[in-house]
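S.K.: For what it's worth, the UniProt record's numbering labels the leading residue of the first sequence as 1, then goes sequentially. Yeah, the Cβ is synthetic: ideal placement off N, Cα and C, and Gly gets one too. Treat the numbers as computed from the prediction; the structure is a model and nothing was measured.
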Amino acid sequence: MEAFHLLSRGGAKFDKKKFKSEVSLFNGSKGREPKASSSAHALAGELPPELDFFKYAQGGIPKRKADEVEGGIDLKGKKRRVEGDDEDEDEVVGSRDAQQTEDDPPMPRHRVTTKGKDVPEHVETFEALRERFHLPSHLLQKLAQHGYKRPTGIQSHGIPILMERRDLAAISPTGTGKTLSYLLPVMAALGAPAASSKSDAGSGVRAVILAPTRELAHQIHNECLKLAQGRKWRIVLFSKATAATLADKKVREKIDIIISTPLRLVASLQAGNLELDNVRHLFLDEADRMLDTEFLEQVQEVIAACTHPEIQKAVFSATLPANAEKIAMSMLRDPIRVVVGLKDTPLPLIAQSLTYVADDQSKLPTLLQYLSQPYNPPVLIFVSSQPRATSLAEELVIAGVPNVDCLHAGMTKKEREDAVSRMRRGESWVMVSTEVMARGMDFKGVREVINYDFPQSVQSYVHRIGRTGRAGREGKAITYFTNEDAPFLKTIANVLLQSGSTVPEWVLKLPKPSKMKRREMGKIKRAEAVNNARRIGRSDAIKKREMIAGSKRRKEKEQQRKEKLAAAPLSADGTDGES
DNA sequence: AAAAAAC
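#1: So the alpha helix (DSSP H) His281 belongs to, where does it begin and stop?
#2: If you draw a straight line from the C-alpha of Val251 to the C-alpha of Val205, how long is it?
#3: Please classify Gly77: does DSSP put it in a helix, a strand, or coil?
#4: Within 8 angstroms, do at least three Cβ pairs link the stretch 153-167 to the stretch 445-455?
#5: Run through DSSP, which three-state label would Thr176 get?
#6: Classify Ile381 as buried or exposed, calling it buried when 16 or more other Cβ atoms lie within 10 Å of its own Cβ.
#7: Report yes if the CB atom of Leu354 is closer than 8 angstroms to the CB atom of Ala399, and no otherwise.
#8: By alpha-carbon positions, which one of Gln361, Val446, Gln352 ends up nearest to Ile492?
#9: Considering only C-alpha positions, which residue in the set Val383, Glu215, Leu269 is nearest to Lys363?
#10: Could you give the distance in angstroms between the alpha-carbon of Gly191 and the alpha-carbon of Thr125?
#11: Should the stretch 402-417 be regarded as contacting the stretch 477-497, the criterion being three or more beta carbon pairs within less than 8 angstroms?
#12: Taking only the alpha-carbon atoms, compute the straight-line gap between Thr468 and Glu474 and give it to the nearest angstrom.
#13: My parser needs the beta strand (DSSP E) runs of 3 or more residues fully inside the UniProt domain "Helicase C-terminal" (363-511); what are they?
#14: Looking at the secondary structure, which residues open and close the alpha helix (DSSP H) in which Arg264 lies?
#15: Along the chain, where does the beta strand (DSSP E) that runs through Ile171 open and close?
#16: For Val123, report the span of its alpha helix (DSSP H) as first-last.
#17: Is the separation between the beta-carbon of Asp285 and that of Ile209 shorter than 8 angstroms?
#18: Please list, in chain order, all residues of the same chain as Ile465 whose beta carbon is under 7 angstroms from its beta carbon, the five residues on each side excluded.
#19: So Val299 and Pro262 are in contact, right, with Cβ under 8 angstroms, and what is the actual spacing, rounded?
#20: Hey, out of Glu164, Gly147, Ala144, whose CA is closest to Glu121's CA?
#21: Output the distance between the C-alpha atoms of Ala393 and Val430, rounded to the nearest integer angstrom.
#22: Can you grab the Cα-Cα spacing for the pair Thr412 / Leu291, in whole Å?
#23: Beta-carbon within less than 8 angstroms of Lys490's beta-carbon, same chain only, minus the 5 sequence neighbours each way: which residues are those?
#24: When the Cβ atoms of the stretch 427-441 are set against those of the stretch 456-465, are three or more pairs found closer than 8 angstroms?
#25: Roughly how many whole angstroms lie between the Cα atoms of Ala358 and Asn483?
#26: Count the CB pairs spanning the stretch 227-241 and the stretch 327-336 that are closer than 8 angstroms, and state whether there are at least three.
#27: Note the first and the last residue of the continuous beta strand (DSSP E) segment covering Arg111.
#28: Buried or exposed for Lys249, going by 16 or more other Cβ atoms inside 10 Å?
#29: Counting Cβ pairs, one atom from each stretch, are 3 or more of them under 8 angstroms apart for the stretch 305-323 and the stretch 170-180?
#30: Going by C-alpha distance, which of Gln456, Arg416, Ile311 is nearest Arg166?
#31: Going straight from the alpha carbon of Val379 to that of Ala328, what length do you get?
#32: Give the DSSP-derived three-state secondary structure of Val530 in the structure shown.
#33: Buried or exposed: which applies to Glu215, given that a residue is buried once 16 or more other Cβ atoms fall within 10 Å of its Cβ?
#34: Let me check one thing: in DSSP terms, what residues is Ser317 bridge-paired to?
#35: According to the neighbour-count rule (16 or more other Cβ atoms, all chains shown, within 10 Å of its Cβ), is Ala471 buried or exposed?
#36: With a threshold of 16 other CB atoms inside 10 Å of the CB of Pro309, please say whether the residue is buried or exposed.
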């Protein structure tokens, strides 16, 4: 009860450990929440942030028993039915996820399907990679050293494919270790650092990894550094600052791996400060996002700059709509497609629910009510725009919710970095953010996701809620919907159903979007078409200038907002009280 | 279908 009090008032200095176990105890009565013991255990066993990378392999992850009945639906039975529905008839059904063997951590079981010519045999263990591909022992040591026991589905199938230098389109659910599945082969292929005299691999960058957000690029970079620890590879997280150092050609030639967002890289290419003609590995993380129209052109420019004849390309995501897959496949050479589990589907470990809030005004009271009761921090809250992120965070602070943070791309680089590190340190209890956080970000502790604003696509939904339930842990996801969201509700509801969560009967009985709605949507579509048509005639330079102006305006607005907020800082430091 | 993100 004390914890409850502290939480709602936010007035006291805080022992998170103590707090969390008490809150969990509290929740225990509700049955659906993770058990107190598991919560306390997870917390006690928490690794320092620098070891996060190895979390996938950790044992002792609490998991719902397979035969547990939840909300009237037998998860096991449900899952079997869904698997039976698979439509890709010409696909080869490979092994199951290696994680399922008796004594091992209960990672979710996923079927793995592969498609393509001469698909390399998957491996059951990391050791097998040494025998087959001479994976350097220092890499194996890194894995073993940190308790990495068995490869996940995507790792056991993807790594051999990549190590045989084949192109790959990999689809695997959120939190199943995609990053390692492409980093390990890159590190193995690099051999000696470019700076070393032993290197016979030509000069200049040999691997490029692209990600859609700075935060994700940063996270990938960190994980890469962990694998490279003690080695002399130059692994560069591309930023304005690092790009500036490239003017010196000697500097560029010694880089081994670049991890970057597309536009940053394109800027350097255009400035003539970077050559990618020696790149042997070009990987796209969050591939469907990277192939969105807004990124596509930039990505294509990077691809065009990678002129090495033996370049290996690969794309990774938890979601890959048909459209994006078509583009991806056209970019790859004789590709292999690997699908772990079901495409565009969240993990069954995430308990999903829908909450009706009549309109936008009703959301805040609903959220405050929710946060006035015990919850498992940190909670990640998604909204649809930057201003809404700022103002919601503001409202929560005013309402006395402690340790509220905010993250969106309108913030400065430093603000964004600070927000992420508060999150990593467990100092944020409530993180309000936009789509910028929806993909790839791996905050181990996140147990709850709230979609305050309805997601704009199934893909967005899957990635957002995939911030929880990672590496075999449980998670909880709540999605608010208003009357206006109704036309899109059924689509999302089906996603919930497919992944083993329950949906109120009446939602399933909803008709397809009404004629009126469709007409409305049609109007928007036409208006957009007209708008686009108007733009077609314009030069790229004008478009670019407009884009820059738009972003400047946003930044100015943001600054004004911040100044207003100065009296009530977003970031509580644990000792602050409300006014 | 629409916003966000990328420099």
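M.R.: Quick answer:
#1: Careful: His281 lies outside any alpha helix (DSSP H), inside the beta strand (DSSP E) at 281-285.
#2: 10 angstroms
#3: Any answer about Gly77 is weak, because its pLDDT of 30 lies below 50 and its placement is not dependable; what the coordinates show is given next. Of the three classes helix, strand and coil, the one that applies to Gly77 here is helix, per DSSP.
#4: no
#5: coil
#6: buried
#7: no
#8: Gln352
#9: Val383
#10: 22 angstroms
#11: no
#12: 7 angstroms
#13: 379-382, 404-407, 430-433, 448-451, 475-481
#14: 262-270
#15: 168-171
#16: Here Val123 belongs to no alpha helix (DSSP H), and DSSP marks it neither H nor E.
#17: yes
#18: Pro346, Ile350, Gln352, Val449, Ala477
#19: 5 angstroms
#20: Glu164
#21: 9 angstroms
#22: 26 angstroms
#23: Val507, Leu508, Leu510, Lys512
#24: yes
#25: 6 angstroms
#26: no
#27: 111-115
#28: exposed
#29: yes
#30: Ile311
#31: 34 angstroms
#32: Only weak support exists for where Val530 lies, its pLDDT of 38 falling under 50; the value from the coordinates is given anyway. It is helical.
#33: buried
#34: Ile171
#35: buried
#36: exposed
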